[in-house]
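Here the structure is laid out as structure tokens; the discussion comes afterwards.
In mature numbering (1 follows the signal peptide of the UniProt record, and there is no 0), the protein residues as written are -21 to -1, 1 to 145.
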């Protein structure tokens, strides 16, 4: 996942066409969460991105046909760091688990974008990976709670108590 994250950062840093001519503006880095590459960006196949087939073609076709579950599934695999639905660097971690973890993060930390994405994904059609969208809608229905703590204060208290012991 670290490798995939670094590649995604590279895409974000070097990407172009933030507002592409595609009807859902794929590539709008803030607006569509999982679908951060536009069709034209994926077609450009920049060598530094290392996009692989057949996933890049699957991603493009899925976007053109509004099959968002399929597009998300392909997006997680088109950088070549997966095989048989697991990450090469972390074979115990599945693509589905990565998608779920990212979905939870987006839901908690990018709420407006998440709500918008859910309205768009609800219009998905003929997905072969419909379980991916089912997973998204399941994450959307769950209740999440965040724990807030002052880590600096906690760490300072721990250091102070160690100093007092000496």
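Glycine residues also receive a C-beta, built at the ideal position from the N, C-alpha and C atoms.
- Here residue 58 is not bridged, per DSSP, to any residue.
- In the structure shown, residue 66 adopts extended strand secondary structure according to DSSP, grouped into three states.
- Where residue 95 is concerned, the enclosing alpha helix (DSSP H) starts and stops at 90 to 100.
- Between the stretch 71 to 82 and the stretch 110 to 123, the count of C-beta pairs closer than 8 Å reaches three or more; the two stretches touch.
- Take the alpha-carbon of residue 119 and the one of residue 94: they are about 9 Å apart.
- Distance from the CA of residue 82 to the CA of residue 115, rounded to the nearest whole angstrom, comes to 7 Å.
- Under the three-state reduction of DSSP output, residue 35 falls in the helix class.
- Taking 8 Å as the cut-off, the Cβ atoms of residue 102 and residue 63 do not count as close.
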